[in-house]
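**Student:** 0 is the number of the first residue of the sequence shown in numbering that gives the first Met the number 0; add one for each residue after it.
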Amino acid sequence: MKKTAVFLILVMLLAGSVPTASAGTSAQAYLISSPAPLTAAQVAQLRLAGANVKYVYQHFGGAAVTISPKKVAKIRLLPFVTSVYEDTHAQLTVSEFASASYSTLPGTPWWLDLIDAEQNTTYDGSGVWVAVLDSGFFPNWRDYINESSILTQYATAFIGAGGNQNEKKWDNGSTPHGMTMSALISGYWLVDGLNEGGWGEGYLTGWPGTYWVPGIAPGAKIIPVKVCEPMDCKLSAVNAGIDYIIGIKLANPDQPIVISEGYGHSIFTPLDKAALDAAISAGVVVVADAGNGGDSGMWFPGAYEPVISVGAGGWDNQFHNFPDKTWWLEDVPENGVDEVHMHAISSRQLPGQYLDVVSTGRGLLLPFPCPPFTHMAAGNCSSYAIPGGAKSKPYQYNFVGGTTFSSATIAGIVALMLQKNPALNNSDATFGTIGDPSSWGRGFLERLLESAATPIPPGSVQIRRPNGSFITQCWELPECPLEATGHGWVFIDDALAAVP
Ligand SMILES: [Ca+2]
Ligand SMILES: [Ca+2]
Numbered sequence: 000m001k002k003t004a005v006f007l008i009l010v011m012l013l014a015g016s017v018p019t020a021s022a023g024t025s026a027q028a029y030l031i032s033s034p035a036p037l038t039a040a041q042v043a044q045l046r047l048a049g050a051n052v053k054y055v056y057q058h059f060g061g062a063a064v065t066i067s068p069k070k071v072a073k074i075r076l077l078p079f080v081t082s083v084y085e086d087t088h089a090q091l092t093v094s095e096f097a098s099a100s101y102s103t104l105p106g107t108p109w110w111l112d113l114i115d116a117e118q119n120t121t122y123d124g125s126g127v128w129v130a131v132l133d134s135g136f137f138p139n140w141r142d143y144i145n146e147s148s149i150l151t152q153y154a155t156a157f158i159g160a161g162g163n164q165n166e167k168k169w170d171n172g173s174t175p176h177g178m179t180m181s182a183l184i185s186g187y188w189l190v191d192g193l194n195e196g197g198w199g200e201g202y203l204t205g206w207p208g209t210y211w212v213p214g215i216a217p218g219a220k221i222i223p224v225k226v227c228e229p230m231d232c233k234l235s236a237v238n239a240g241i242d243y244i245i246g247i248k249l250a251n252p253d254q255p256i257v258i259s260e261g262y263g264h265s266i267f268t269p270l271d272k273a274a275l276d277a278a279i280s281a282g283v284v285v286v287a288d289a290g291n292g293g294d295s296g297m298w299f300p301g302a303y304e305p306v307i308s309v310g311a312g313g314w315d316n317q318f319h320n321f322p323d324k325t326w327w328l329e330d331v332p333e334n335g336v337d338e339v340h341m342h343a344i345s346s347r348q349l350p351g352q353y354l355d356v357v358s359t360g361r362g363l364l365l366p367f368p369c370p371p372f373t374h375m376a377a378g379n380c381s382s383y384a385i386p387g388g389a390k391s392k393p394y395q396y397n398f399v400g401g402t403t404f405s406s407a408t409i410a411g412i413v414a415l416m417l418q419k420n421p422a423l424n425n426s427d428a429t430f431g432t433i434g435d436p437s438s439w440g441r442g443f444l445e446r447l448l449e450s451a452a453t454p455i456p457p458g459s460v461q462i463r464r465p466n467g468s469f470i471t472q473c474w475e476l477p478e479c480p481l482e483a484t485g486h487g488w489v490f491i492d493d494a495l496a497a498v499p
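(1) Name the residue from Pro213, Asp191, Gly218 and Gly214 whose alpha carbon lies nearest to the alpha carbon of Ser206.
(2) Between Gly208, Glu166, Leu203 and Glu228, which lies nearest to Met178 when the distance is taken from Cα to Cα?
(3) Compare the Cα-Cα distances from Ala483 to each of Pro138, Val284 and Pro457 and report the closest residue.
(4) Sort out for me which residues DSSP pairs Pro223 with in a bridge.
(5) Taking the straight line between their C-alpha atoms, what separation do you get for Pro465 and Ala26?
(6) I think Trp109 touches Trp314, with their Cβ atoms under 8 angstroms apart; what is that distance to the nearest whole Å?
(7) Let me make sure I understand the geometry here. Which of Leu275, Pro436 and Trp169 has the alpha-carbon closest to that of Val224?
(8) Can we say the region 332-351 touches the region 412-431, given the rule of at least three CB pairs closer than 8 angstroms?
(9) Just to confirm, are Ala40 and Leu183 a CB contact at a threshold of 9 angstroms?
(10) To the nearest angstrom, how far is it from the Cα of Thr231 to the Cα of Ala89?
(11) Which same chain residues, not among the five before or five after Val80, have their C-beta less than 7 angstroms away from its C-beta?
(12) Going by Cα to Cα distance, which pick from Ser459, Trp488 and His486 is closest to Pro477?
(13) Do you know how far the Cα of Leu364 is from the Cα of Asn139?
(14) With distances taken from CA atoms, which of Ile222, Pro175, Ser405 and Val52 is nearest Thr155?
(15) Hey, could you find the ends of the beta strand (DSSP E) Thr288 is sitting in?
(16) Leaving out five residues on either side along the sequence, give the residues of the same chain with a beta carbon under 7 angstroms from the beta carbon of Thr356.
(17) Report the partner residues of Thr453 according to the DSSP bridge assignment.
(18) Determine the direct distance from the alpha carbon of Leu104 to that of Thr204, and round the result to whole angstroms.
(19) Identify every residue that forms a DSSP beta bridge with Glu482.
(20) Are the region 144-154 and the region 276-287 touching, with three or more C-beta to C-beta distances below 8 angstroms?
(21) Nearest by alpha-carbon distance to Asp123: which of Cys473, Pro499, Val413 and Gly431 is it?
(22) Quick check: the Cα distance between Ser173 and Ile462, rounded to an integer number of angstroms?
(23) Let's see if you can read the secondary structure: which residues bound the alpha helix (DSSP H) around Val71?
(24) Curious, which full-length alpha helix (DSSP H) runs of at least 4 residues does the region 403-481 contain?
(25) Between which residues of its own chain and Asp492 is the CB-CB distance below 7 angstroms, once the five residues before and five after are set aside?
(26) What do you get for Pro499, buried or exposed, if any count of 16 or more other CB atoms within 10 angstroms of its CB means buried?
(27) Using a Cβ-Cβ cut-off of 8 angstroms (strictly less than) and excluding sequence neighbours within five positions of Leu113, which residues of its own chain qualify?
(28) I'd like the list of long-range same chain contacts for Ala384, defined as Cβ closer than 7 angstroms, with 5 residues on each side in sequence excluded.
(29) Is Arg347 a contact residue of ligand 2, with contact defined as CB to any heavy atom under 8 angstroms?
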């Protein structure tokens, strides 16, 4: 994935937050934690020690600063400072995709059929808010997503697009990742045109037209919070996003809110933990991907047990009749998990990590215009996704995968569960200490979800890829022994039946 080295962090305008001054070129970004939210006097001490203060977190102890590395020792000596870490990046967990080169939807998307969405005709997520902490939206997001699904009054950004200052601009992102996650939850418009995106002849649905593709929880309202740019998520911005959502929750205590996260990192700082603990304690349910690290293990925040973590699986029959692209609408046999495989890139659980459940994360057809990946055909979409280009053709869709999308799927299922019982959350989780994973414990809602999951037996299967080649996927066999499946696959009807 492409890494961008320089990001400008936005001035945060949350009530009580302290605006930034621009950092000197030699300054570096750090995360500082403290036992409680910083007082004005403590912020002044940080400044006296040479720090430019970017964020002062309101609902947990700490700040994001820039400062010369030579002065960090002074910061560490301040009596209220409990840790200082570099402000690093978490990486979005999208993985493979094939460029989509190429009424009534003539079938059900496999990712809904395989989780038995058809068994639920009662719940659609109404009354639940899902905060998608990610890369924000593309400017032409209304081409795909109904505006009524988005709580634009709460949408915001904590990091700028393209390295430019664009304070609070959540819908001019440089990657569609966040919009794509949201479309999976809300449902989206598919405009099926021949040869779209250079994928060869043929229609995605078999016939040209405009189609509505159902979402996991189309009644839920989505709060886009841009904390990544383009594919890297600065931890200071992630924590500012969590702080922001906690504020919304505290102002609306009876409002069920889910945070859906699709990024990860091997580093877990005390500030990251404090942010999650504050959110989960406040009753916000946090769902995160397991990571795309395969056998190298899970990423944070998913590896932290009070978070609901999600690995990625797929349908064995994917791309089986390529180049015919209509396979995604074929009927999935009602055989439980018989046609589920574990995606090799989905992070496996190592000792001290907590993989909870698994859901669909491979070969989902979603709006994904202008992916910033080098193997995508150049110029196939960027000119169509700029302001003023809205409603212009061609629309762009891709078969995408990664634990990002399994995480968003479970966030949507959690929204259905919260509609049935808005009082559910994980506030009774055990937060323990940061260096001791055995001191962490899951909360009530997570236990319900896990109890409803269907175990996936060990296996190995040959999966066809879009280019016609095959790849062996293997899990929990002697040759690939790591725990990959957590408590198993989540079916929507089972998850809802488990809700008291
Ligand atoms: Ca089904
Ligand atoms: Ca967990």
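Quick reminder that beta carbons are idealized off the backbone N, C-alpha and C, glycines included.
**Tutor:** So, to answer that:
(1) The identity of residue 206 in the sequence shown is Trp, whereas the question assumes Ser. Comparing Cα-Cα distances from Trp206 to each of Pro213, Asp191, Gly218 and Gly214, the minimum goes to Asp191.
(2) It is Glu228.
(3) The shortest Cα separation from Ala483 among Pro138, Val284 and Pro457 belongs to Pro457.
(4) BP columns for Pro223 point to Val131.
(5) Cα atoms of Pro465 and Ala26: separation of roughly 46 angstroms, rounded to the nearest angstrom.
(6) That belief holds up - the Cβ atoms of Trp109 and Trp314 are roughly 5 angstroms apart, short of 8 angstroms.
(7) If we check each option's Cα against that of Val224, Trp169 comes out closest.
(8) No contact exists between the region 332-351 and the region 412-431.
(9) For Ala40 and Leu183, no; Cβs fall outside 9 angstroms.
(10) Here the sequence assigns Asp to residue 231, which means Thr is not the residue at that position. If I take the Cα positions, the gap works out to 6 angstroms.
(11) Answer for Val80: Ile31, Ser33 and Ile74, listed in chain order.
(12) That would be Ser459, whose Cα lies nearest to the Cα of Pro477.
(13) A direct Cα-Cα distance of roughly 18 angstroms separates Asn139 from Leu364.
(14) Ranking Ile222, Pro175, Ser405 and Val52 by Cα distance to Thr155 puts Ile222 first.
(15) The amino acid at residue 288 is misidentified as Thr; the sequence shows Asp. Element bounds for Asp288: Val284 to Asp288.
(16) The sequence given here has Val at residue 356, not Thr. If we look at Val356 and ignore the five residues flanking it on each side, its Cβ neighbours are Val309, Ile409, Leu448, Glu449, Ala452, Gly485, His486, Gly487 and Val489.
(17) Residue pairing from DSSP places Thr453 in a beta bridge opposite Trp488.
(18) Going from the Cα of Thr204 to the Cα of Leu104 covers about 7 angstroms.
(19) Glu482 is bridged to Gln348.
(20) No, the region 144-154 does not touch the region 276-287.
(21) It is Val413 whose Cα lies nearest to the Cα of Asp123.
(22) A direct Cα-Cα distance of roughly 31 angstroms separates Ser173 from Ile462.
(23) Its alpha helix (DSSP H) spans residues Val71 to Leu76.
(24) Complete alpha helix (DSSP H) runs here, min 4: 443-451.
(25) Spatial neighbours of Asp492 in its own chain (CB-CB distance under 7 angstroms, excluding positions within 5 residues in sequence) are listed in chain order as Asp115, Gln118 and Asn119.
(26) Exposed, by the Cβ-count rule.
(27) Spatial neighbours of Leu113 in its own chain (CB-CB distance under 8 angstroms, excluding positions within 5 residues in sequence) are listed in chain order as Trp314, Val331, Glu338, Val339 and Thr359.
(28) Reliability fails at Ala384, whose pLDDT of 39 lies under 50, so the model's placement of it is uncertain and no value is given.
(29) No, the beta carbon of Arg347 sits no closer than 8 angstroms to any heavy atom of ligand 2.
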